[in-house]
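A.B. asks: Take this structure, written in structure tokens, and hold onto it; I'll ask about it next.
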Amino acid sequence: MLFWQMAWRNVWRHRRRSLLTVLTIALGLAFNILMRGIGDGFHEQMVDNSVRAQIGHIEIHRSGYQHDPALLKTLPDVQLLERVVPQTPHLRGYSFRVLGDGLASTAENSAGVSIVGIVPQAERSVTTIGRAVIAGRFLDEGMSRPILIGERLSQSLGARLNDKVVLMVQAADGSMGAQLFRVAGIFRSGSPELDRGVVYLLRKDAQSLFSLAGGTTEAALLLESSESVAEAQRFLSTQLAGAPVEILPWYVVEPFLRQFIELDDAFFYIIVLILFIVISVGILNTVMMSVFERVREFGVMMALGTRPRQVVRLVVQEAAVLALMGAALGALLGSVSLIVFAHTGIDLSRYAAGASALGITTTVIHPELTSRNLIFSDLSVVAVVLLVAFYPAFKAARLRPVEAIRNI
Amino acid sequence: MALIELIDVSKTYRDHVSVRALTALNLTVEKGEFAAAVGPSGSGKTTLLNLIGAIDTPDTGIIRVAGLEITSTPADQLAEFRLRRLGFVFQSFNLFPVLSVLENLEFVPALQGVPKPERVRRAERLLEAVGMHELRDKRPDELSGGQQQRVAVLRAILPEPDLILADEPTANLDSENAALLLDMMERLNRELAVTFLFSTHDPAVMRRARRLIRLRDGRLIGDEMQEP
Amino acid sequence: MKYALALAVLVLFSPGAMVRADGPDALTIARKCDAALKGKTEHGTASMTVRTPEWQRTLEMTFWYDYPEKTIIRITAPAKDAGTGTLRLGSNMWTYLPSVERVIKIPPSLMLQSWMGSDFTNDDLVKESSLPTDYTHRIEAETTEDGDPCYRLVATPKPNAPVVWGKLVLLIRKADSLPRREEFYDDQGALQKTLYFDNIRRTGSRNYPMRWRMVSQNKPGHETTLTFSSLEFDKPMPANTFTRQNLERRF
Chain A
1 MLFWQMAWRN
11 VWRHRRRSLL
21 TVLTIALGLA
31 FNILMRGIGD
41 GFHEQMVDNS
51 VRAQIGHIEI
61 HRSGYQHDPA
71 LLKTLPDVQL
81 LERVVPQTPH
91 LRGYSFRVLG
101 DGLASTAENS
111 AGVSIVGIVP
121 QAERSVTTIG
131 RAVIAGRFLD
141 EGMSRPILIG
151 ERLSQSLGAR
161 LNDKVVLMVQ
171 AADGSMGAQL
181 FRVAGIFRSG
191 SPELDRGVVY
201 LLRKDAQSLF
211 SLAGGTTEAA
221 LLLESSESVA
231 EAQRFLSTQL
241 AGAPVEILPW
251 YVVEPFLRQF
261 IELDDAFFYI
271 IVLILFIVIS
281 VGILNTVMMS
291 VFERVREFGV
301 MMALGTRPRQ
311 VVRLVVQEAA
321 VLALMGAALG
331 ALLGSVSLIV
341 FAHTGIDLSR
351 YAAGASALGI
361 TTTVIHPELT
371 SRNLIFSDLS
381 VVAVVLLVAF
391 YPAFKAARLR
401 PVEAIRNI
Chain B
1 MALIELIDVS
11 KTYRDHVSVR
21 ALTALNLTVE
31 KGEFAAAVGP
41 SGSGKTTLLN
51 LIGAIDTPDT
61 GIIRVAGLEI
71 TSTPADQLAE
81 FRLRRLGFVF
91 QSFNLFPVLS
101 VLENLEFVPA
111 LQGVPKPERV
121 RRAERLLEAV
131 GMHELRDKRP
141 DELSGGQQQR
151 VAVLRAILPE
161 PDLILADEPT
171 ANLDSENAAL
181 LLDMMERLNR
191 ELAVTFLFST
201 HDPAVMRRAR
211 RLIRLRDGRL
221 IGDEMQEP
Chain C
1 MKYALALAVL
11 VLFSPGAMVR
21 ADGPDALTIA
31 RKCDAALKGK
41 TEHGTASMTV
51 RTPEWQRTLE
61 MTFWYDYPEK
71 TIIRITAPAK
81 DAGTGTLRLG
91 SNMWTYLPSV
101 ERVIKIPPSL
111 MLQSWMGSDF
121 TNDDLVKESS
131 LPTDYTHRIE
141 AETTEDGDPC
151 YRLVATPKPN
161 APVVWGKLVL
171 LIRKADSLPR
181 REEFYDDQGA
191 LQKTLYFDNI
201 RRTGSRNYPM
211 RWRMVSQNKP
221 GHETTLTFSS
231 LEFDKPMPAN
241 TFTRQNLERR
251 F
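What follows is the structure, given as structure tokens:
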């Protein structure tokens with residue numbers, strides 16, 4: 001206990017130096033927390049955008065569909081699915097869709113498209129496509145053979161509202177299916193892929209076009225957040241055990257997104273590492289100076305009977321005082337700045353062009369402050385400081401009292 | 001059995017030149033003595049005290065202190081030995097600047113594991129006994145040189161060691177404070193039967209000792225009892 | 001004597017004497033094969049049966065070719081598909097869909113899509129590319145199959161040729177330069193599909209394989225058989241044959 005008192009008071013022997021060190025630690029930590037919070041918020045947003053644009057948090061298909069999509073690979077055990085899916089924990093919405101592809105043509109032009117047959121109400125509960133309609137309306141069961149196309153497709157086909165579009169597909173029985181649809185709405189999703197290559201039909205129309213007789217291709221589920229995915233997946237796997245289905249979380253459906261996030265995280269860790277090195281150098285300097293200034297004192301201590309390991313303890317405790325103060329201050333600064341930014345949001349609309357290439361559709365980021373971020377950052381800073389302090393501590397402990405005492 | 005025994009002890013320092021600090025020294029000191037090692041600077045006084053105090057080791061010879069043959073004891077056990085059996089007073093910078101007088105006194109008992117209330121009680125009693133209780137909460141930089149040295153002696157004695165070693169304790173003090181210091185040391189030696197071995201080249205201090213151990217160039221050239 | 005020896009050496013080592021180089025011989029064989037399969041014009045009827053592990057369908061069709069620029073194919077049966085047709089003029093291609101009464105243009109990007117669900121692609125049917133002009137040729141070997149002496153011809157696409165294949169290997173009969181089979185390899189050298197020619201009959205003034213069977217290697221269980229029921233060569237084509245109006249005309 002006396003040692004802690006000594007450690008604390010030793011720190012304040014050089015008030016300015018200690019405050020500077022504490023400040024260095026605090027700023028480094030605050031920066032770490034802020035960047036991590038922004039990064040996490042950014043990533044969560046990217047996932048959310050992607051998930052809400054098209055893929056949902058979890059997709060269920062017949063086994064083998066993801067690897068080798070085919071029209072005939074429709075969902076099996078539909079009754080079982082319709083019973084189990086709504087009971088998924090943390091569920092916000094679900095949609096059973098038909099997926100296929102074909103050729104969309106107008107008098108002016110033709111283009112290969114992906115065709116998604118949806119039930120509008122259900123689809124709204126999963127994706128934001130309904131809100132992306134910029135002309136006309138979203139699909140409605142009351143319409144007759146409506147088609148919803150993206151802005152870019154509308155431009156390349158020259159198809160405007162109420163124009164007719166022919167969809168030509170290869171149906172499930174191998175025959176050519178072709179039907180006429182009317183453009184009910186045009187959407188702008190922000191994703192060039194969607195806007196150029198995906199069209200939406202009423203599910204019953206898609207089933208008729210593809211001669212699918214009531215079959216559906218995929219069930220897409222939206223959950224409360226990406227944190228809920230693991231639990232939902234476990235539930236579905238258990239409930240659907242034995243059925244020939246594949247239950248795919250978003251990062252399997254779109255691995256690129258997760259890879260991007262992991263790469264981004266890797267860059268972040270490199271920056272943090274550099275930051276820690278800089279802080280460590282500062283700490284090392286401070287602690288070494290304080291040890292060299294007190295060589296004689298250590299000599300007296302050891303003459304009086306202090307063990308070398310107790311000397312190490314003392315030096316490390318002093319560093320710990322600095323570290324803890326720095327950690328507390330840094331945590332405070334970091335949290336406050338994150339909360340402020342979370343409230344106001346960070347506007348990235350200047351970088352919108354590059355962002356849309358990555359599939360990011362909203363340009364305002366709301367960083368999040370997680371306890372995980374805070375705790376991890378704090379602990380790592382404190383650990384680094386203590387580790388760094390061991391070097392001068394050991395040097396102090398290895399002093400020979402008789403030489404140290406001569407050192408005035 | 002003598003408290004201190006040196007048999008054929010030699011020590012050479014190897015800095016840039018080899019200096020023979022002590023050569024073939026033989027010495028015994030009994031319990032309760034109030035002895036001074038005297039001689040010009042470089043005569044080996046400090047070396048002698050360091051060797052007896054187990055903070056340095058001789059090149060040859062055997063040293064026994066308080067029953068322990070310290071020359072054949074490993075270093076980590078020597079720390080424990082010093083903690084329990086010895087006390088040190090240095091020429092200057094004895095006290096820990098961040099601790100108060102009371103806390104400085106608490107230091108060694110704390111290392112020994114004495115619980116806080118007990119060690120505070122002992123320290124306060126000692127301060128009262130010598131009439132220095134009002135200095136209790138002062139920091140060393142608030143004390144005069146003489147007061148600091150006296151507190152250093154109190155710190156050395158509080159854990160009731162067998163032996164206190166003081167290397168030129170009055171070197172930085174004026175004659176009045178030097179006298180006060182010697183008064184305290186003498187009193188403690190008498191009342192608590194703690195052995196004192198100190199070094200000095202000050203004749204006034206020499207006169208206060210009951211035994212003079214004379215050194216020159218690392219050799220014992222004289223060893224006499226005297227009336228202080 | 002020395003003069004004759006020198007002459008013999010010259011002749012032996014002259015390019016014309018090399019059978020295995022990409023010389024006139026390989027190209028000639030390729031030309032002959034191409035000419036054996038195509039007239040200047042063609043008109044005929046055929047039935048096409050598509051087999052997959054899941055289903056099987058048969059179409060009846062009638063077609064006209066005016067090489068190298070024009071093609072028109074109309075489906076005559078079954079009723080569901082009757083009237084559907086494909087027209088090519090130069091590098092443009094259209095399909096007519098009677099169910100929606102629309103002619104739609106097929107963009108070049110879809111040339112590799114299967115024609116009507118078969119193992120023949122749009123490109124295969126309209127035959128925009130030509131074996132002699134778009135490839136360089138090499139005789140790899142001379143073999144005999146079922147008593148039929150053949151050349152094994154390897155055709156590699158020229159740099160800017162409008163072909164998707166990495167190489168073609170044809171087994172060509174020496175007797176009449178008709179192919180026995182054609183193997184289609186992708187850019188990585190993997191065999192994608194094989195076209196078997198058999199049922200050789202005398203048609204007009206030439207021999208012709210009346211049955212073509214395309215077997216897919218990359219989709220197991222998929223194959224398409226084209227059986228010609230009638231075939232005429234080098235008859236003059238009526239003026240309006242290769243037009244969009246003709247494509248939409250009712251039967």
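Protein chains in written order, with my numbering: chain A, 1 to 408; chain B, 1 to 228; chain C, 1 to 251. Ideal Cβ placement from N, Cα and C applies to all residues, glycine included.
I'd like to know whether the C-beta of A353 of chain A is nearer than 8 Å to at least one C-beta of chain C.
C.D. replies: Bear in mind that a pLDDT of 48 at A353 of chain A, under 50, signals an unreliable position, so the number given afterwards is only what the model happens to contain. Taking a beta-carbon distance threshold of 8 Å, A353 of chain A does not count as an interface residue toward chain C.
A.B. asks: Report back the beta-carbon spacing between T84 of chain C and I75 of chain C to the nearest angstrom; my notes put them in contact at under 8 Å.
C.D. replies: 5 Å
A.B. asks: Could you please give me the residues that DSSP links to C150 of chain C through a beta bridge?
C.D. replies: In the DSSP assignment, the residues bridged to C150 of chain C are C:T143, C:R173.
A.B. asks: So V166 of chain A packs on L97 of chain C, CB below 8 Å; how close in whole Å?
C.D. replies: Contact between V166 of chain A and L97 of chain C holds: their C-beta atoms lie close to 7 Å from each other, under 8 Å.
A.B. asks: Compile a chain-ordered list of the residues in the segment 61-75 of chain A whose CB is closer than 8 Å to at least one CB of chain C.
C.D. replies: L72
A.B. asks: In chain A, what lies closer than 7 Å to D56 of chain B by C-beta?
C.D. replies: V402
A.B. asks: Tell me which residues of the segment 2-23 of chain A have at least one Cβ-Cβ distance to chain B shorter than 7 Å, keeping chain order.
C.D. replies: L2, M6, R9, N10, R13
A.B. asks: Would you please verify whether the beta carbon of E297 of chain A is less than 8 Å from any beta carbon of chain B?
C.D. replies: yes
A.B. asks: Considering Cα atoms alone, identify which of B:D76, B:V153, B:Q112 is closest to V101 of chain B.
C.D. replies: B:V153
A.B. asks: Rounded to whole angstroms, what is the Cα-Cα separation between F90 of chain B and E168 of chain B?
C.D. replies: 7 Å
A.B. asks: Say whether chain C places a C-beta atom closer than 8 Å to the C-beta of Q170 of chain A.
C.D. replies: yes
A.B. asks: Can you tell me whether N172 of chain B is helix, strand or coil according to DSSP?
C.D. replies: coil
A.B. asks: In chain order, what residues of the same chain have a beta carbon less than 6 Å from the beta carbon of T86 of chain C, not counting five sequence neighbours either side?
C.D. replies: I73, T95
A.B. asks: If you drop the 5 nearest sequence neighbours on each side, which residues of the same chain put their C-beta closer than 8 Å to that of S50 of chain A?
C.D. replies: W250, E254, L257, G359
A.B. asks: According to DSSP, simplified to helix, strand and coil, what is V166 of chain A?
C.D. replies: strand
A.B. asks: Below 6 Å CB to CB, which residues in the same chain sit around D265 of chain A once its five sequence neighbours on both sides are set aside?
C.D. replies: none
A.B. asks: Can you name, in chain order, every residue of its own chain whose Cβ lies under 7 Å from the Cβ of A22 of chain A, other than the five neighbours on each side?
C.D. replies: The amino acid occupying residue 22 of chain A in the given sequence is Val; Ala does not appear at that position. Around V22 of chain A: L322, M325, G326, L329.
A.B. asks: Mapping DSSP to helix, strand and coil, what is W165 of chain C?
C.D. replies: coil
A.B. asks: Quick one: measure Cβ to Cβ for L410 of chain A and K204 of chain A, integer angstroms, because I've assumed they're closer than 8 Å.
C.D. replies: Because residue 410 of chain A is not part of the residues shown, which for chain A are 1 to 408, the question remains open.
A.B. asks: Which of helix, strand or coil does DSSP assign to L399 of chain A?
C.D. replies: In the three-state DSSP reduction, L399 of chain A falls in the coil class, being neither helix nor strand.
A.B. asks: Cutting at 8 Å between CB atoms, please list the residues of its own chain near P89 of chain A, excluding the five before and the five after it.
C.D. replies: S228, E231, A232, F235
A.B. asks: With 7 Å as the C-beta to C-beta threshold (strictly closer), list the residues of the segment 104-128 of chain C near chain A in chain order.
C.D. replies: Within the segment 104-128 of chain C, the residues whose Cβ lies closer than 7 Å to any Cβ of chain A are, in chain order, I104, K105, I106, P107, S109, L110, M116, G117.
A.B. asks: In terms of residue numbering, what span does the beta strand (DSSP E) encompassing Y65 of chain A cover?
C.D. replies: Careful: Y65 of chain A lies outside any beta strand (DSSP E) and carries neither H nor E.
A.B. asks: Considering only their Cβ atoms, is the gap separating I157 of chain B from A35 of chain B smaller than 8 Å?
C.D. replies: no
A.B. asks: Anything in chain A within Cβ reach of G53 of chain B, meaning under 8 Å, just list it in chain order.
C.D. replies: A303
A.B. asks: State the Cα-Cα distance for the pair R13 of chain A and S225 of chain A, rounded to the nearest angstrom.
C.D. replies: 51 Å
A.B. asks: Is the CB-CB distance between L171 of chain C and E142 of chain C below 8 Å?
C.D. replies: no
A.B. asks: In whole angstroms, what separates the C-alpha of Q192 of chain C from that of E82 of chain A?
C.D. replies: 41 Å
A.B. asks: Considering V101 of chain B, what are the terminal residues of the alpha helix (DSSP H) in which it resides?
C.D. replies: 101-112
A.B. asks: Against R307 of chain A, what residues of chain B qualify as contacts under a CB-to-CB distance less than 9 Å, listed in chain order?
C.D. replies: D76, A79, E80, L83, L111
A.B. asks: Quick one: which chain C residues come within Cβ less than 8 Å of N109 of chain A?
C.D. replies: K105, P107
A.B. asks: List, in chain order, every chain B residue whose beta-carbon is nearer than 8 Å to that of I25 of chain A.
C.D. replies: Neighbours of I25 of chain A on chain B: none; closest Cβ ~22 Å, over 8 Å.
A.B. asks: Within 10 angstroms of its Cβ, does V312 of chain A collect 16 or more other Cβ (buried), or is it exposed?
C.D. replies: V312 of chain A counts as buried, since no fewer than 16 other beta carbons sit within 10 angstroms of its beta carbon.
A.B. asks: Do you know how far the Cα of V98 of chain B is from the Cα of R136 of chain B?
C.D. replies: 14 Å
A.B. asks: Could you tell me the distance, in whole angstroms, from the CA atom of V38 of chain B to the CA atom of M206 of chain B?
C.D. replies: 7 Å
A.B. asks: Within 8 Å (strictly less), CB to CB, does E168 of chain B reach chain A?
C.D. replies: no
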